[in-house]
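**Student:** The following block contains the structure, expressed as structure tokens.
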Amino acid sequence: MSQRARLHIVVEGRTDAQIIRAIVGKDLAGSLRFFASGGRTSLATMGRNILVHEGGPVLVVMDADTTNQRLVDDQKSLTYLAMSGVAPTGYSGLSDRVKVFAFVPEIEVIFFEVPQVLESILGKPVSEEQVQEGVLTPKTALAKILGASQVLTLAAGLTPQAAELLASGQQAQSLKETIGSMMATAVNV
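Last residue of the sequence shown? That's 885 in the working numbering, and every number before it is there in order.
Encoded structure:
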């Protein structure tokens, strides 16, 4: 009997882990192990420690905190480079074991990529202006719409139908594809 592949995911905080669990679904979430780093500055350090002590694969999921694609790419490269310090010289298999995913600009953008989820929670339409603001500054826009305290519990209260709808957004789909490819690689290694 083969053991299910396990993927270690390092996120900035607990809310990020809740959001990712919601969008990947219960079955896949059971194969994932989450680590909340307590902020962006310690993502690579925590990822490196997990890689050394637990083994791979490790996916670092971060907020880009920008919409500038060049800066997003630089941040992802720097995070990957910081984690690559644990690989022996000449080792080429790290790219299969470590990936960095960035939500642009923040993970909460997924609620504005599929605003129907917010509308179902609120029981009223979300304006186009709110959606546009949410695509640029998702955390701020969510706090305005829901109130700061509800943003922290938003993901935990999603129905399975809302989570499935949320998972259909562009960045949620991209994350799911990244997770799927890492899980497939983990099985084949």
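Don't be surprised by glycine CBs; every beta carbon is placed ideally from N, CA and C.
For I719, which residues of its own chain have a beta-carbon under 6 Å away from its beta-carbon, when the five flanking residues on both sides are left out?
**Tutor:** Looking up residue 719 in the sequence shown gives position 23. Result list for I719: L862, A863 and A868, in chain order.
**Student:** Please identify the residue among S733, G734 and A858 whose C-alpha is closest to the C-alpha of F807.
**Tutor:** As a first step, residue 807 is located in the sequence shown; it is residue number 111 there, counting from the start. Selected option, being the one with the closest Cα: A858.
**Student:** Using the C-alpha atoms, what's the distance from I716 back to S823?
**Tutor:** As a first step, residue 823 must be located in the sequence shown, where it is residue number 127. As a first step, residue 716 must be located in the sequence shown, where it is residue number 20. Straight-line Cα distance between these residues: approximately 25 Å.
**Student:** Using a Cβ-Cβ cutoff of less than 8 Å, which residues in the same chain neighbour A839 once the five nearest sequence positions on both sides are dropped?
**Tutor:** Taking the first residue of the sequence shown as 1, we reach residue 839 at position 143. Excluding sequence neighbours, A839 sits near V847.
**Student:** Which runs of the alpha helix (DSSP H) at least 4 residues long sit entirely within the segment 783 to 832? Give them in chain order.
**Tutor:** Counting whole runs of 4 or more residues, the segment 783 to 832 contains the alpha helix (DSSP H) stretches 790 to 793, 806 to 809, 812 to 818 and 824 to 832.
**Student:** Apart from the five residues just before and just after G734, which ones in its own chain have a Cβ nearer than 8 Å to its Cβ?
**Tutor:** For the purposes of this step, residue 734 is taken as residue 38 along the sequence shown, with counting starting at 1. Within the same chain, G734 has close Cβ partners E708 and G709.
**Student:** Mind checking L871: buried by the 16 CB within 10 Å criterion, or exposed?
**Tutor:** Residue 871 sits at position 175 when you count from the first residue of the sequence shown. Buried, since its Cβ has 16 or more Cβ neighbours within 10 Å.
**Student:** Starting from the C-beta of M878, find all residues in its chain whose C-beta is less than 7 Å away, skip the five residues before and the five after it, and write them out in chain order.
**Tutor:** The residue given as residue 878 occupies position 182 in the sequence shown. Once the five neighbours on either side are set aside, the close Cβ partners of M878 are L703, P753, L755 and K795.
**Student:** Starting from D759 and walking both ways along the beta strand (DSSP E), at which residues does that stretch end?
**Tutor:** On the sequence shown, residue 759 is found 63 positions in, with the first residue counted as 1. Start and end: V754 to D759.
**Student:** Does the Cβ of P821 have 16 or more other Cβ atoms within 10 Å, making it buried, or fewer, making it exposed?
**Tutor:** In the sequence shown, residue 821 corresponds to position 125, counting from 1. Burial call: exposed.
**Student:** Around the C-beta of T711, are 16 or more other C-beta atoms found within 10 angstroms, so that it is buried, or is it exposed?
**Tutor:** Position 15 of the sequence shown, counted from the start, is the residue given in the question as residue 711. When all chains shown are included, T711 counts as buried.
**Student:** Please state if the CB of A837 and the CB of Q714 are separated by a distance shorter than 8 Å.
**Tutor:** If you number the sequence shown from 1, residue 714 lands on position 18. If you number the sequence shown from 1, residue 837 lands on position 141. No, Cβ-Cβ distance for Q714 and A837 is not below 8 Å.
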